[in-house]
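Start counting the first sequence at -15; every next residue gets the next number (my numbering).
Below: the structure, in structure tokens.
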Amino acid sequence: MRLSRYFLPVLRENPSEAQIVSHRLMLRAGMIRQQAAGIYSWLPLGYRVLRRIEEIVHQEQVRAGHIPMLMPTLQPADLWRESGRYDDYGEEMLRIRDRQKRDLLYGPTNEEMITDIFRAHVGSYRDLPLTLYHIQWKFRDEIRPRFGVMRGREFLMKDGYNFDIDKEASLHAYNRHMVSYLRTYERMGLTAIPMRAASGPIGGDNTHEFLVLAATGESEVYYDDRVQDLRLGSRAIDYDDRAAVAGVCEEFTTLYARTGETHDAGLFETVPEAHRKVGRGIEVGQIFYFSTKYSEPMGAVVVNDKGERVPVHMGSHGIGVSRLVGAIIEASHDERGIIWPEGVTPFPVGLVNLKQGDGATDAACAAIEGALAAKGLEVLYDDRDERAGAKFATMDLIGLPWRITVGPRGLAAGKVELTSRRTGAAEEMTPEEAVARIGAIYAGL
RNA sequence: CGGAGUGUAGCGCAGUCUGGUAGCGCACCUGCUUCGGGAGCAGGGGGUCGGAGGUUCGAAUCCUCUCACUCCGACCA
């Protein structure tokens, strides 16, 4: 993509309404534009990141054996009257009436709808286990939206629902989700810690929240700091192996890690003092096992192997996709701007032509652009007629992890410069070497 | 919803107290010079002063109503 033809409305000054760093940087980098309180347009650069995150979530869900689908944003009120939540959910639910005076709502979540779909089409234990999910816009009419996309009213969420014949199978689904979530966050360059949580209005006995440590987080967290060092890495995981999956969960949930709601001061005392940490975190996902809470009132039953009609065991699981964009920035930025992890960057590399219009630099840039494209890597090429400082500042602000700088001085020696946004380290090399290096960095992603 | 604020050009702001017909910086357009970390000079364009009503010869400014947004609190992916 050539910057001269792109739409990247960066701001030099901080918009006054933005209080936290991710909100400021998203506005300055031209990623979003606020349309109403807690409601945003996703401009091209922001949309690219959102799509990258969505893609990773999809890939990891499918890898775990979960099945993608798509449910509507608007839902009939009757479905919610059936579960009893139409009245319980309160003011946070946006209620709408259509021209025929039918009551609708903009879905804040989809337990009722997925249960309706399930009961209409599934009747036998032989069809289980089943886990369906979708990534769709939600609306929760927050009393006070704030922090940009971190607490918007409209937000993009992955929500999944598992249906199993008994508690044991359903808890395996719970564990499977925990592992798939851990892998999802790791691919985004995040350390998200599963913490025992309180259940809230969704309900359920077992529930963990996934928190990214950040000073600006809304939740207070208490943890053994050794949890931060745990990594799944590239280990192979058989999602059908109950014992193996449970083993991974145990590995990640044994060390003390709780939010303020479930914090146990006495238990916390048993953590060695040197590792005892209190901080703040951003919630980026949550998983629940809620037994037959929805299946019973809504009649989601199957016939078991003895011919008996039994309610299915369910769980639900969410990842805040749009919130993750903000959370990643909170976790990865510096005073000059965003620093995207390679897994979610809007463009893998930026290309800066220091002397636009110069035959040699123009040709070298075009060649690099083409060579990267041949590897399936789309470069953001700053081909504007701007001075070097302005181009560097823009690249630093939007946070592409790698930058190739092409100037007449280096080019005379056959060299370009490859710079890491994260470390600032710059290295001179031939264009071919730079392309190969970028190719190698992204080969595994 | 309780408390505190703010709405003036795309962004950041001054002007409001004390009414006289809208200004600054950045961004944008043109030209020249400049060119490895947000250049300089010259010229230029862009405004329902959130909206409605009122007072007045005259309203960004005073009055009334209203809308929107932000911050603190209770609530939350």
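All C-beta atoms, glycine included, are put in the ideal place defined by N, C-alpha and C.
Subject >> Cβ-based neighbour list, S203, same chain, cut-off 7 Å, excluding 5 preceding and 5 following >> reply: Position 219 of the first sequence, counted from the first residue, corresponds to residue 203. Excluding residues within five positions, the ones whose Cβ falls inside 7 Å are L195, T243, G244, R264, G265, E267.
Original post:
With T57 and Y90 assumed to form a contact (beta carbons below 8 Å), what rounded beta-carbon distance in angstroms separates them?
Top reply: Residue 57 sits at position 73 when you count from the first residue of the first sequence. Residue 90 sits at position 106 when you count from the first residue of the first sequence. Yes, they are in contact, since the Cβ atoms of T57 and Y90 sit about 6 Å apart, within 8 Å.
Original post:
Which residues in the same chain as H118 place their Cβ atom closer than 6 Å to its Cβ, once the five residues preceding and following it in sequence are excluded?
Top reply: Your numbering for residue 118 matches position 134 in the first sequence. Correct list, in chain order: M53, L54, M55.
**OP:** Taking the CB atoms as reference points, tell me whether V363 and E353 lie closer together than 8 Å.
**Re:** In the first sequence, the residue the question calls residue 363 occupies position 379. In the first sequence, the residue the question calls residue 353 occupies position 369. In contact: V363 and E353 (Cβ atoms closer than 8 Å).
**OP:** Report the residue from L174, E193, T175 whose alpha carbon sits nearest the alpha carbon of A182.
**Re:** Here the question's residue 182 lines up with position 198 in the first sequence. Among L174, E193, T175, the Cα nearest to that of A182 belongs to E193.
**OP:** Pull up the distance between the alpha-carbon of R393 and that of T403, whole angstroms please.
**Re:** If you number the first sequence from 1, residue 393 lands on position 409. If you number the first sequence from 1, residue 403 lands on position 419. Those two C-alpha atoms are separated by around 16 Å.
**OP:** Apply the 10 Å Cβ neighbour rule to K290 and answer buried if 16 or more other Cβ atoms are within range, or exposed otherwise.
**Re:** As a first step, residue 290 must be located in the first sequence, where it is residue number 306. Exposed, because fewer than 16 other Cβ atoms sit within 10 Å of the Cβ of K290.
Original post:
For D366, which residues of its own chain have a beta-carbon under 8 Å away from its beta-carbon, when the five flanking residues on both sides are left out?
Top reply: Here residue 366 corresponds to residue number 382 of the first sequence, with the count starting at 1. Excluding residues within five positions, the ones whose Cβ falls inside 8 Å are L(-13), G334, L335, V336, N337, K375, T378, M379.
**OP:** Kindly give me the distance between the Cβ atoms of V33 and V309, rounded to whole angstroms, as I take these residues to be in contact under 8 Å.
**Re:** The residue labelled residue 33 in the question sits at position 49 within the first sequence. The residue labelled residue 309 in the question sits at position 325 within the first sequence. Correct: roughly 5 Å between the Cβ atoms.
Original post:
Roughly how many angstroms separate the alpha carbons of A420 and G299, rounded to a whole number?
Top reply: For the purposes of this step, residue 420 is taken as residue 436 along the first sequence, with counting starting at 1. For the purposes of this step, residue 299 is taken as residue 315 along the first sequence, with counting starting at 1. Computed Cα separation, rounded: 45 Å.
Original post:
How is the alpha helix (DSSP H) around G327 delimited, first residue to last?
Top reply: As a first step, residue 327 is located in the first sequence; it is residue number 343 there, counting from the start. It is not in any alpha helix (DSSP H) - G327 carries neither H nor E in the DSSP assignment.
Original post:
Counting along the chain, where does the alpha helix (DSSP H) carrying D346 start and finish?
Top reply: Position 362 of the first sequence, counted from the start, is the residue given in the question as residue 346. Here the alpha helix (DSSP H) through D346 covers 343 to 358.
Subject >> DSSP three-state assignment for P178, whether helix, strand or coil >> reply: In the first sequence, residue 178 corresponds to position 194, counting from 1. The answer is strand: DSSP assigns P178 an E or B state.
**OP:** At 4 residues or longer, and completely inside the region 28 to 116: list those alpha helix (DSSP H) runs for me, N to C.
**Re:** Whole alpha helix (DSSP H) segments, 4+ residues: 28 to 47, 61 to 67, 69 to 72, 95 to 105.
Subject >> Close beta carbons around L197, own chain, < 6 Å, minus the five adjacent residues each side >> reply: Here residue 197 refers to the residue found at position 213 when the first sequence is read from its first residue. So the qualifying residues of the chain are G263, G265.
Subject >> Helix, strand or coil at T237 [DSSP, three-state] >> reply: Position 253 of the first sequence, counted from the start, is the residue given in the question as residue 237. The three-state reading of DSSP puts T237 in helix, counting H, G and I together.
Original post:
In its own chain, which residues sit with a C-beta less than 6 Å from the C-beta of Q45, not counting the 5 before and 5 after it?
Top reply: Taking the first residue of the first sequence as 1, we reach residue 45 at position 61. The residues are Y117.
**OP:** Go ahead and label F(-9) buried or exposed: buried means 16 or more other beta carbons lie within 10 angstroms of its beta carbon, across all protein chains shown.
**Re:** The residue you call residue -9 lines up with position 7 of the first sequence. Exposed is the call here.
Original post:
Does the region 103 to 123 come within contact of the region 142 to 156, defined as at least 3 CB pairs closer than 8 Å?
Top reply: yes
**OP:** Determine, using beta-carbon pairs with one atom in the region 209 to 226 and one in the region 276 to 291, whether at least three such pairs fall under 8 Å.
**Re:** no
Original post:
Can you tell me whether T191 is buried or exposed, with buried defined as 16 or more other CB within 10 angstroms of its CB?
Top reply: For the purposes of this step, residue 191 is identified with residue 207 of the first sequence, where counting begins at 1. Label assigned to T191: buried.
Subject >> 7 Å Cβ shell around R17 - same chain, five flanking residues per side excluded >> reply: Numbered from its first residue, the first sequence carries residue 17 at position 33. Taken in chain order, the residues that qualify are Y24, S25, L27.
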